[in-house]
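Notes follow the structure.
As structure tokens, this is what we get:
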């Protein structure tokens, strides 16, 4: 077997059934791996919309044929299930070292069904698979769980993915994290699904070598890609500060979410950016398996230590909620990493509450006395503690911003920044039109990683004309050409998710495309791949996702953005006055996809 | 020798991947690699463990059939015809830098002069010093390290020893910064 480990694992936590199956090569060639393989499996298996937190929901853990190989920056793992937060396709991916270790243990996909009567964890090695008791781990945070399992299993090379108390308590945006809480499966509440199954963790360890079909060819392609990464103009910056470089980048574009998207320019960006973070708290670089960018960092502050943070949590707990105190933000982010809460979703519930109070729609009495003022980090710490335990109003906040705002009503819904129930990421779509369209149509709700249409920021007009028929596709304020850009970018990101390659490298640094992907897959697996077929498979998968979401109850009218982005111009800065006409772009996107004007794919 | 600077190591394990892949026809597995990255996750440290061409030469000395010798660049070379796969060299190395795979000892031989691990490391945590060897002394620490039973445990303990020194410096620096700031 080349590329693939060659097996998939099926575990039923209800009756403790464990079965290992050989991978069906004809099937896997059409689904490749990672998120793509998981979603196809979900499409085949979930013929009705099961309750996401019931034993009937299924967890799919997928890696790909090139995970753990020489291909740099390709160590992602995707966890999928129906999302308790959105009711739609749920999935989240994380890098680190878990994915390659799962391959070394001999598996490409793990499917987990049912619900355990007692808290349990799954131990997967190439010698055995066991469901083990985890009552002694229940209640522990993710870092403690990781350490306890390393001690219990007496092997420093074991890799652990675990949930924290938030997942146990079914917080609907609970995360799973690996690498000692350093790398997070962040979005759509996959941690709550594990919690509902009483699955505390998966520990993996393997010693089975990974082979490729044509080592010389494969090494040559990987060598060329590694060289392109290192020669990329952003390489040094990404290596120094990682994704936190975006604080400055977005602020200069006037689209750094500030005071809950009321502004796009943050006057204290210099106090919260990647450079000051590096200077004050970073001790060294960290990296996912076989990555040559090393964009992650290890921080030590007087309040604690750990890997991170990435840009999204950093912005969520600084400018987005009006906080200029970097140290306090880091304290909160470390807490969330360990307790297993998604920073974007939780940050939005808080930003929403702060704006509701500022606008006079609600007051502190509506929140059990918690003073949600912009920048009030005492309130932030207080509510997060309530959220992870689902105590008091934390129980409501744990449902996500859409449900929270519906509960309070009275016009507060308009301020809830989400699409389809998934909270919007940190990048104001008014000054980034392709990203805005991406949030509106992404198959898991307001997500930037489904399309990551970085190209619109490049200003490469000639290339834009060649690829998308208009130079405007490379200009962030323009809307023309953006549906075509998003359609292309979604396919490319799906390819990256199937190969389990990091989007910061594969997409943002333009390392991967279907031509290179097909070559790598062929050299890696020995199966025949070509670029055209691969592109078709990717397009077909995107339409399958749409059908699956419609099955789950998606309303195409929700392919949109919150009111503010469509109606209120940004007040100042380089993007002043910008709004986004997202609904027209969505229609054009449907047309390109071959879906009806109502957003429904043809039967098939 | 290959000089290791754990302060720069990000724990990506590209060295392991490059070593394994280049010497085992594209196959990748930790045990196929002659360099092992010890990840001391609880303190954020990562330490590549690789033959330090120590002055003591525990492995060469212990070999009952003289299958190991020191090459021109200080590297340990294994004569596969003579080696009986007895594993005494593995047991003798205090830092766990030599181990047997299919009864054949794997130890860094500098890839004949252009080490692939060093080439793969984009953090400069590994650097090749062709003129240097026999400078690292392990006698001071060997009794502690050799108390560990398995090769992996010895490598891990060596990694922790290196990491703890590093960490003291980190904590001091960070604390100073903070106080002046606030």
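Residue numbers (this note's numbering), protein chains in the order written: chain A, 404 to 1007; chain B, 2 to 183.
We treat Cβ as the ideally placed atom computed from N, Cα and C, and that holds for glycine.
These figures come from a predicted structure and were not determined experimentally.
| query | result |
| --- | --- |
| 8 Å Cβ cutoff, residue 472 of chain A in contact with chain B | yes |
| Sequence-distant residues of the same chain with beta carbon closer than 8 Å to residue 651 of chain A, five excluded per side | 672, 676, 677, 678 |
| Contacting positions in the region 141-163 of chain B - beta carbon closer than 8 Å to chain A | 153, 157 |
| Residue-chain proximity (residue 421 of chain A, chain B), Cβ-Cβ < 8 Å | no |
| Neighbour flag for residue 633 of chain A against chain B, beta carbons, 8 Å | yes |
| Euclidean distance between Cα positions of residue 405 of chain A and residue 932 of chain A | 14 Å |
| Interface residues of the region 39-54 of chain B facing chain A [CB-CB below 9 Å] | 39, 40, 41, 42, 43, 44, 45, 46, 47 |
| Three-way DSSP call (helix, strand, coil) for residue 4 of chain B in this model | strand |
| CB contact check: residue 172 of chain B to chain A, cutoff 8 Å | yes |
| Burial state of residue 171 of chain B (16 or more Cβ within 10 Å) | buried |
| Any beta strand (DSSP E) of 3 or more consecutive residues that is wholly inside the region 410-439 of chain A | 410-415, 420-425 |
| Cβ of residue 61 of chain B within 8 Å of any chain A Cβ | no |
| Straight-line Cα distance separating residue 27 of chain B from residue 758 of chain A | 56 Å |
| Per-residue burial, residue 411 of chain A [other beta carbons within 10 Å of its own, 16 or more giving buried] | buried |
| Reference residue 590 of chain A; option with closest CA among A:999, A:896, A:853 | A:853 |
| Beta strand (DSSP E) runs wholly inside the region 101-125 of chain B, at least 3 long, in chain order | 105-107 |
| Residue from A:428, A:495, A:634, A:774 whose Cα sits closest to the Cα of residue 479 of chain A | A:495 |
| Cross-chain neighbours of residue 697 of chain A in chain B, by beta carbon under 8 Å | 11, 13, 123, 124 |
| Residue 511 of chain A versus A:487, A:724, A:481, residue with shortest Cα-Cα distance | A:481 |
| Same chain, Cβ closer than 8 Å to residue 969 of chain A, neighbours up to 5 away in sequence not counted | 963, 982, 983, 984, 985, 986 |
| Residues that residue 690 of chain A contacts on chain B, provided the C-beta gap is smaller than 7 Å | 11, 12, 13 |
| Endpoints, alpha helix (DSSP H) assigned at residue 730 of chain A | 729-742 |
| Residue 682 of chain A burial status per 10 Å Cβ neighbour count (16 or more: buried) | exposed |
| Residue 565 of chain A burial status per 10 Å Cβ neighbour count (16 or more: buried) | buried |
| Minimum Cβ-Cβ distance from residue 583 of chain A to chain B less than 8 Å | yes |
| As assigned by DSSP and simplified to three states, the class of residue 697 of chain A | coil |
| Contacts of residue 615 of chain A in chain B (Cβ-Cβ under 7 Å) | 27 |
| Below-8 Å beta-carbon distance, residue 879 of chain A vs any chain B residue | no |
| Extent of the continuous alpha helix (DSSP H) run through residue 934 of chain A | 934-954 |
| The region 430-439 of chain A in contact with the region 458-469 of chain A per 3-pair CB rule at 8 Å | yes |
| Simplified DSSP state of residue 483 of chain A, which is helix, strand or coil | strand |
| Burial state of residue 1012 of chain A (16 or more Cβ within 10 Å) | With chain A represented from 404 up to 1007, any question about residue 1012 of chain A goes unanswered, as that position is not in the structure. |
| Exposure of residue 666 of chain A, with buried meaning 16 or more beta-carbon neighbours within 10 Å | buried |
| Listed by chain order, chain B residues near residue 693 of chain A by CB distance under 8 Å | 13, 14, 15, 18 |
| Local conformation of residue 864 of chain A per DSSP, three classes | helix |
| Bridge-paired residues (DSSP) for residue 512 of chain A | A:411, A:465 |
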